[in-house]
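Inspection log for the structure reproduced underneath, given as structure tokens.
In the numbering used here, the protein residues as written are 1010 to 1463.
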């Protein structure tokens, strides 16, 4: 059976979930997945750093989903598509950020924060890499970002693996993929929709069952409270990082009967509760999180978006950290009970004029910078490799996430395993949070507090 996502050789249709990542993007809330990768680069190799990384990318990009260009379907009748291209201008896409000397940590983080709000141009390859040749603390860095429509956070880790030394170079492409002429494209779409008619009917029935089942969860979620920090997201950012040993977090989790994710959420809860107390903005009801669960299975492949939204609360209204841990576990358990039904709501084949109708719907929904989903902030704990990685022969020291802030939120903390560490990126709306480093420091202190209680 042919893959319904393939329109023509080298031309892949976007699923509605992937299209959502394009349509929900605004100038204030770009939609991409990113990493700040710190590498051990000797001082005498830093002059060769940029050429080496460009060669690394040139030799491996054809194996990734990044050597593509976006095309809209004629009239929005069919899905939009990614079409393979043979080559890209890596001097532009993999650019050196200028500096007269060496980048201090503060300068590096300020540069990454500014680059984080720069939207990607999807008329070309949906990524950019920014190189920092000399760091004051030694080594060099890459800030790589990829549009979220290409893949979710787990898929992004697959891309990083394909660009690393663990993956061999691949054969270059010789020509761009060819799109069908509009009449043939329409005919192919009509044939696809006819073939999938029974599937859409089955999915529609499952969605009705899921909606009925979700009735049991009505009014079950904590309501997203309004804070002084609430409101439309600005287009300014501040960035900080946290790195904690995986072994410490696991040991606390084992002692307190929690998973790594439970401890991650509890540390965030402690940090945010204390920060909101300090700025006199702690609400009486708990903060609500926008998070996600992956439902990726082998048959889905490594790329695209396969995530279900979760909205647990953080129990920030409770003073005792152990009470917060148990309340967070209970809230997350309730969220997990409903995710199978939410997955059924997302599992939808394309329909005629689906792309056109989504564009019109999102233009209205995004007016005024409103939240599209519940939650004051985003917290994500994304799997990462336990083994060490290297790029162009340069050993990776850290793989810090550089997350995004969805429309109507003020903060995102994303955690990713990198060897023996949990490397975290903290990004904040700069118009609402002045000292993002304070939140990072409180997060680290919260682990010290839990270790004492364990």
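Virtual Cβ for every residue (Gly too), placed ideally from N, Cα, C. None of the values given here were measured: they were computed from a predicted structure.
Bounding residues of the alpha helix (DSSP H) (the contiguous stretch that carries residue 1340):
The count along the chain shown starts at 1 and reaches residue 1340 at position 331. Looking at the DSSP string, the run of the alpha helix (DSSP H) that includes residue 1340 is 1330-1355.
What does the alpha-carbon distance come out to for the pair residue 1090 and residue 1014?
As a first step, residue 1090 must be located in the chain shown, where it is residue number 81. As a first step, residue 1014 must be located in the chain shown, where it is residue number 5. C-alpha separation (whole angstroms): 9 Å.
Beta-carbon separation (whole angstroms), residue 1298 vs residue 1386, contact threshold 8 Å
Mapped onto the chain shown, residue 1298 falls at position 289. Mapped onto the chain shown, residue 1386 falls at position 377. Yes, they are in contact, since the Cβ atoms of residue 1298 and residue 1386 sit about 6 Å apart, within 8 Å.
So does the region 1214-1226 actually touch the region 1362-1373, counting three or more Cβ pairs closer than 8 Å?
no
Counted within 10 angstroms of its Cβ, other Cβ atoms place residue 1345 as buried (16 or more) or exposed:
Position 336 of the chain shown, counted from the start, is the residue given in the question as residue 1345. The residue is exposed, with fewer than 16 neighbouring Cβ atoms inside 10 Å.
Range of the contiguous beta strand (DSSP E) that encloses residue 1423
Start at 1 with the first residue of the chain shown, and residue 1423 comes out as number 414. Looking at the DSSP string, the run of the beta strand (DSSP E) that includes residue 1423 is 1420-1427.
Report the CB separation of residue 1442 from residue 1125 in whole angstroms; it is logged as a contact under 8 Å.
Residue mapping note: residue 1442 aligns to position 433 of the chain shown, counting from 1. Residue mapping note: residue 1125 aligns to position 116 of the chain shown, counting from 1. About 14 Å separates the two Cβ atoms, so there is no contact after all.
What number of angstroms, rounded off, separates the C-alpha of residue 1372 from the C-alpha of residue 1212?
As a position in the chain shown, residue 1372 is number 363, starting the count at 1. As a position in the chain shown, residue 1212 is number 203, starting the count at 1. Whole-angstrom Cα-Cα distance: 26 Å.
Check whether the Cβ atoms of residue 1304 and residue 1448 lie closer than 9 Å to each other.
Within the chain shown, the letter at position 295 stands for residue 1304. Within the chain shown, the letter at position 439 stands for residue 1448. Against a cut-off of 9 Å, the Cβ pair of residue 1448 and residue 1304 comes out as no contact.
Please go through the same chain and pick out, in chain order, the residues whose beta-carbon is closer than 7 Å to the beta-carbon of residue 1027, but skip the five residues on each side of it.
Numbered from its first residue, the chain shown carries residue 1027 at position 18. Cβ within range, chain order: 1158, 1313 and 1314.
Threshold first: 4 residues or longer. Then list the alpha helix (DSSP H) segments lying entirely within the region 1163-1217, N to C.
1191-1204
What separation, rounded to the nearest whole angstrom, lies between the Cα atoms of residue 1037 and residue 1440?
Translated into the one-based positions of the chain shown, residue 1037 becomes position 28. Translated into the one-based positions of the chain shown, residue 1440 becomes position 431. Each residue's Cα considered, the two are about 12 Å apart.
Report yes if the C-beta distance between residue 1300 and residue 1327 is below 9 Å; otherwise report no.
Taking the first residue of the chain shown as 1, we reach residue 1300 at position 291. Taking the first residue of the chain shown as 1, we reach residue 1327 at position 318. No, Cβ-Cβ distance for residue 1300 and residue 1327 is not below 9 Å.
Is any non-hydrogen atom of the ligand ATP found closer than 8 Å to the C-beta of residue 1346, if you look at the structure I gave you?
Among the components of this structure there are no ligands whatsoever, and the ligand ATP is therefore not found.
Measure from the alpha carbon of residue 1154 to the alpha carbon of each residue in 1334, 1353, 1258 and 1166, then state which is nearest.
The residue given as residue 1154 occupies position 145 in the chain shown. Checking every option, the nearest Cα to that of residue 1154 belongs to 1166.
Quick check: residue 1389 and residue 1422, are their CB atoms within less than 9 Å of each other?
For the purposes of this step, residue 1389 is taken as residue 380 along the chain shown, with counting starting at 1. For the purposes of this step, residue 1422 is taken as residue 413 along the chain shown, with counting starting at 1. Yes. Within cutoff.
Go ahead and label residue 1408 buried or exposed: buried means 16 or more other beta carbons lie within 10 angstroms of its beta carbon, across all protein chains shown.
Residue 1408 sits at position 399 when you count from the first residue of the chain shown. Answer is buried; the Cβ neighbour count reaches 16.
Take residue 1120 and list the residues in its own chain whose beta-carbon comes closer than 7 Å to its own, dropping the five residues that flank it on each side.
Translated into the one-based positions of the chain shown, residue 1120 becomes position 111. Correct list, in chain order: 1106.
In chain order, what residues of the same chain lie with their CB nearer than 7 Å to the CB of residue 1208, ignoring the 5 residues before and after it?
Taking the first residue of the chain shown as 1, we reach residue 1208 at position 199. For residue 1208, where only same-chain residues beyond five positions count, the Cβ hits under 7 Å are 1358.
Which whole-angstrom value is the C-beta distance of residue 1404 and residue 1395, which I expect to be below 8 Å?
The residue labelled residue 1404 in the question sits at position 395 within the chain shown. The residue labelled residue 1395 in the question sits at position 386 within the chain shown. With a Cβ gap of about 15 Å, residue 1404 and residue 1395 do not count as contacting.
Close-in-space but distant-in-sequence residues of the same chain around residue 1043 (CB under 6 Å, 5 per side omitted):
Sequence index remark: in the chain shown, residue 1043 carries index 34 (1-based). Contacts found: 1154 and 1411.
Within its chain, find whatever has a CB closer than 6 Å to the CB of residue 1383; leave out the 5 residues flanking it on each side and keep chain order.
Taking the chain shown and counting its residues from 1, the one referred to as residue 1383 is at position 374. The residues are 1233, 1297 and 1320.
Coarse secondary structure for residue 1410, derived from DSSP in three states
Translated into positions along the chain shown, residue 1410 becomes position 401. Residue state, collapsed to three classes: strand.
Please go through the same chain and pick out, in chain order, the residues whose beta-carbon is closer than 6 Å to the beta-carbon of residue 1093, but skip the five residues on each side of it.
The residue you call residue 1093 lines up with position 84 of the chain shown. Same-chain partners within the cutoff: 1019, 1077 and 1186.
Please give the ranges of any alpha helix (DSSP H) in the region 1018-1097, keeping only runs that are unbroken, at least 4 residues long and fully inside the region.
1025-1032 and 1058-1069
Which runs of the alpha helix (DSSP H), 4 residues or longer, sit entirely within the region 1204-1290?
1206-1223, 1255-1265 and 1269-1287
Can you give me the C-alpha to C-alpha distance between residue 1099 and residue 1068, rounded to a whole angstrom?
Stepping through the chain shown from its first residue, residue 1099 is reached at position 90. Stepping through the chain shown from its first residue, residue 1068 is reached at position 59. So the two alpha carbons sit approximately 11 Å from each other.
Sequence-distant residues of its chain with Cβ nearer than 8 Å to residue 1273 (five each side left out):
To locate residue 1273, count along the chain shown from 1; it is residue 264. The residues are 1258, 1388, 1390, 1424 and 1431.
According to DSSP, what are the bridge partners of residue 1149?
Walking along the chain shown from the start, residue 1149 turns up at place 140. Per DSSP, 1048.
Residue 1083 versus residue 1240 - alpha carbon distance
Start at 1 with the first residue of the chain shown, and residue 1083 comes out as number 74. Start at 1 with the first residue of the chain shown, and residue 1240 comes out as number 231. Taking the straight line joining both Cα atoms gives about 37 Å.
How would you write the range of the beta strand (DSSP E) that residue 1302 sits in, first residue to last?
As a first step, residue 1302 must be located in the chain shown, where it is residue number 293. From DSSP, the beta strand (DSSP E) with residue 1302 extends over 1298-1303.
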